[in-house]
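Participant:
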Amino acid sequence: MRVLHVITGLGIGGAETMLARLIEATPAIAHVVAPLTDALGLAPRLADAGARVVRLGIRSAATLPSGLVGLARLIREVRPDLIQSWLYHADLAATVARSLARRPVPLVWSIRCADLDLRRYAPTTRWVVRALARLSHLPAAVVSNSEAGLAWHRRLGYRPRRALVIPNGYDTSRFRPDREAGAALRRALGWPADAVIVGMVARVDPAKDHAGFLEAIGRGPPALRAVLIGQGTEALAIPPRLAGRVAALGVRADVAALTAGFDIACLASFTEGFPNVVAEAMACGVPCVATAVGDAAAILGGTGVLVPPGDPTALAAAFARLAAMPAAERRALGEAARARVIEAYSIAAAAERYTALWQDAAATEPHAARTFAARGEAGM
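Using the numbering used here, the first residue of the sequence shown is number 148, and each one after it goes up by one.
1) Return no unless some Cβ of chain C is closer than 8 angstroms to the Cβ of Ala484.
2) Take the Cβ of Ala498 as the centre, count every other Cβ of all protein chains shown within 10 Å, and call the residue buried at 16 or more, exposed below.
3) Would you call the CB atoms of Gly377 and Val345 closer than 8 angstroms?
4) Answer with buried or exposed for Ala521, where buried requires no fewer than 16 other C-beta atoms within 10 angstroms of its C-beta.
5) Would you report the Cα separation of Val289 and Asp341, rounded to the nearest angstrom?
6) If Ser232 sits next to Gly420, beta carbons under 8 angstroms apart, how far is it from one beta carbon to the other, in whole angstroms?
7) Answer with buried or exposed for Val455, where buried requires no fewer than 16 other C-beta atoms within 10 angstroms of its C-beta.
8) Which whole-angstrom value is the C-beta distance of Gly296 and Gly441, which I expect to be below 8 angstroms?
9) Just how far apart, CA to CA, sit Leu215 and Val433?
10) Whole angstroms is fine: what's the gap from Asp228's alpha carbon to Arg202's?
11) Provide the residue(s) that pair with Val347 in DSSP beta bridges, ordered along the chain.
12) Kindly indicate which three-state DSSP category Gly526 falls into: helix, strand or coil?
13) Smallest Cα separation from Ala510: which of Pro253, Val200, Tyr235?
14) Among Gly160, Met148, Arg149, which one has its Cα closest to the Cα of Lys355?
15) May I have a chain-ordered list of the alpha helix (DSSP H) segments no shorter than 4 residues that lie completely inside the segment 438–505?
16) Could you give the DSSP three-state label for Ile258: helix, strand or coil?
17) For Ser246, which of helix, strand or coil comes out of DSSP?
18) Kindly indicate the opening and closing residues of the beta strand (DSSP E) around Leu151.
19) Between Ile446 and the rest of its own chain, which residues show a CB-CB distance below 6 angstroms, the 5 nearest in sequence each way excluded?
20) Output needed for Gly379: all residues of its chain with C-beta closer than 7 angstroms, excluding positions within five of it in sequence on either side, in chain order.
21) From Arg334 to Gly365, what does the alpha carbon distance come to, in whole angstroms?
22) On a Cα-Cα basis, can you pick out the residue from Gly457, Val255, His300, Ala463 that is closest to Val343?
23) Please classify Ser232: does DSSP put it in a helix, a strand, or coil?
24) Mind the definition here: the segment 322–329 touches the segment 468–477 only if three or more C-beta pairs lie below 8 angstroms; say whether that holds.
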């Protein structure tokens, strides 16, 4: 089977990382990945997994037409059995390019958000989301990574012919506990041995609420130290009162190793669909404090602390509660969290469900079924 993935970019984010895991877990499928933009941080990982990466080079509105024409040409060249798009702009680009290519290729959209406050985003993004709602009958299926995300998009007016939820999956051999990681991280950052490290992995984005997180750190116990990882965090303005207590590390390739060094992991977002960072921290055996957004409560399954979004006081109280726990009790909570991820959110299960969806869409969509059957690749 041959799948063409269209994605907004290959920076290190939740959708991009899930795509990488999925490709690594399905080596029998020929994957071609077409990022719209030149954000290519994950491209080497995809190439190592055997995927072909084709840059479309869309940098602005001026290069959008040539990028869409390039994507249409790629569809004609690759002759995929199915197109899987990831994130809003890629969903729209894949829909337009498939029409330009005049190829009856089944298309599956992926939606990754829930309860977005669209007022916080650019007018073009708001327009794209609303346009997709009107076009949502066109793809063979729409996949959400969360129940909350699917419900929210339906409220927006999405009316897909087929909709399903496939939760994210995780490689728990990569995200795993490391008893020495915390001490190593404290030494590297020059923090005392009794410091309680609260980690937040999130790009700088209005929805992630870095300001609320930092306010909560300031209101919490003096032993708290914060580690920020993600695009743009290195440029954040840290309040003077937190000088020496916050390490803003920017984009890192060693996120799994750093996460294993946290005492507490935090999701402070106003909105999420299926927050990867919560499950990744849980897989590392790290207790989590998460805002009650998207499917966060379902992911935690009682192994962490939920707080309302936009409430630094509640966030600080949750940090204080976990920081006050004896180390053995906090470790037991982390072990329960890891066991939950292993049981409920394996990458093998997610890959199996995606593969079944792709094969079914390729075999049953009008016109496309004949191409797929002629190749004799239905079981590949």
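Just so you know, even glycine gets a beta-carbon here, dropped at the ideal spot from N, CA and C.
Facilitator: A quick look at the data gives this:
1) No chain C appears in this structure, which consists of one protein chain only.
2) Taking the sequence shown and counting its residues from 1, the one referred to as residue 498 is at position 351. It counts as buried.
3) For the purposes of this step, residue 377 is taken as residue 230 along the sequence shown, with counting starting at 1. For the purposes of this step, residue 345 is taken as residue 198 along the sequence shown, with counting starting at 1. No.
4) Indexing the sequence shown from 1 puts residue 521 at position 374. In this predicted model, Ala521 has a pLDDT of only 47, less than 50, meaning its place in the structure is not dependable; the value taken from the coordinates is given anyway. The residue is exposed, with fewer than 16 neighbouring Cβ atoms inside 10 Å.
5) As a first step, residue 289 is located in the sequence shown; it is residue number 142 there, counting from the start. As a first step, residue 341 is located in the sequence shown; it is residue number 194 there, counting from the start. Their Cα atoms are separated by approximately 48 angstroms.
6) Along the sequence shown, read from residue 1 onward, the residue named residue 232 stands at position 85. Along the sequence shown, read from residue 1 onward, the residue named residue 420 stands at position 273. Beta-carbon to beta-carbon, Ser232 and Gly420 are separated by about 16 angstroms, too far to satisfy the 8 angstroms threshold.
7) Within the sequence shown, the letter at position 308 stands for residue 455. According to the sequence displayed, residue 455 carries Pro and not Val. Exposed, because fewer than 16 other Cβ atoms sit within 10 Å of the Cβ of Pro455.
8) For the purposes of this step, residue 296 is identified with residue 149 of the sequence shown, where counting begins at 1. For the purposes of this step, residue 441 is identified with residue 294 of the sequence shown, where counting begins at 1. The pair is a contact, with the Cβ atoms about 7 angstroms apart (cut-off 8 angstroms).
9) As a first step, residue 215 is located in the sequence shown; it is residue number 68 there, counting from the start. As a first step, residue 433 is located in the sequence shown; it is residue number 286 there, counting from the start. Straight-line Cα distance between these residues: approximately 43 angstroms.
10) Taking the sequence shown and counting its residues from 1, the one referred to as residue 228 is at position 81. Taking the sequence shown and counting its residues from 1, the one referred to as residue 202 is at position 55. Rounded to whole angstroms, Asp228 to Arg202 spans 20 angstroms at the Cα level.
11) Locating residue 347 in the sequence shown gives position 200, where the first residue counts as 1. Correcting the residue type first, residue 347 is Met in the shown sequence and not Val. Answer is Leu375, bridged to Met347.
12) Position 379 of the sequence shown, counted from the first residue, corresponds to residue 526. Residue placement at Gly526 cannot be trusted, given a pLDDT of 39 that sits under 50; what the coordinates show is reported in the next sentence. In this structure, Gly526 counts as coil in the three-state DSSP scheme.
13) As a first step, residue 510 must be located in the sequence shown, where it is residue number 363. Checking every option, the nearest Cα to that of Ala510 belongs to Pro253.
14) By 1-based counting over the sequence shown, the position of residue 355 is 208. The shortest Cα separation from Lys355 among Gly160, Met148, Arg149 belongs to Gly160.
15) With a minimum length of 4 residues, the continuous alpha helix (DSSP H) runs that stay inside the segment 438–505 are 443–447, 459–471, 474–491.
16) Here residue 258 refers to the residue found at position 111 of the sequence shown. Strand at Ile258.
17) On the sequence shown, residue 246 is found 99 positions in, with the first residue counted as 1. If DSSP states are grouped into helix, strand and coil, Ser246 belongs with the helices.
18) Here residue 151 refers to the residue found at position 4 of the sequence shown. Unbroken beta strand (DSSP E) run through Leu151: 149–154.
19) As a first step, residue 446 is located in the sequence shown; it is residue number 299 there, counting from the start. Excluding sequence neighbours, Ile446 sits near Val425, Ala426.
20) If you number the sequence shown from 1, residue 379 lands on position 232. Counting only Cβ-Cβ distances below 7 angstroms, and skipping sequence neighbours, we find Arg350, Val351.
21) The count along the sequence shown starts at 1 and reaches residue 334 at position 187. The count along the sequence shown starts at 1 and reaches residue 365 at position 218. So the two alpha carbons sit approximately 22 angstroms from each other.
22) Residue numbering aside, residue 343 sits at position 196 when the sequence shown is read from its first letter. Taking only the C-alpha atoms, the option nearest Val343 is Ala463.
23) In the sequence shown, residue 232 corresponds to position 85, counting from 1. Strand.
24) no
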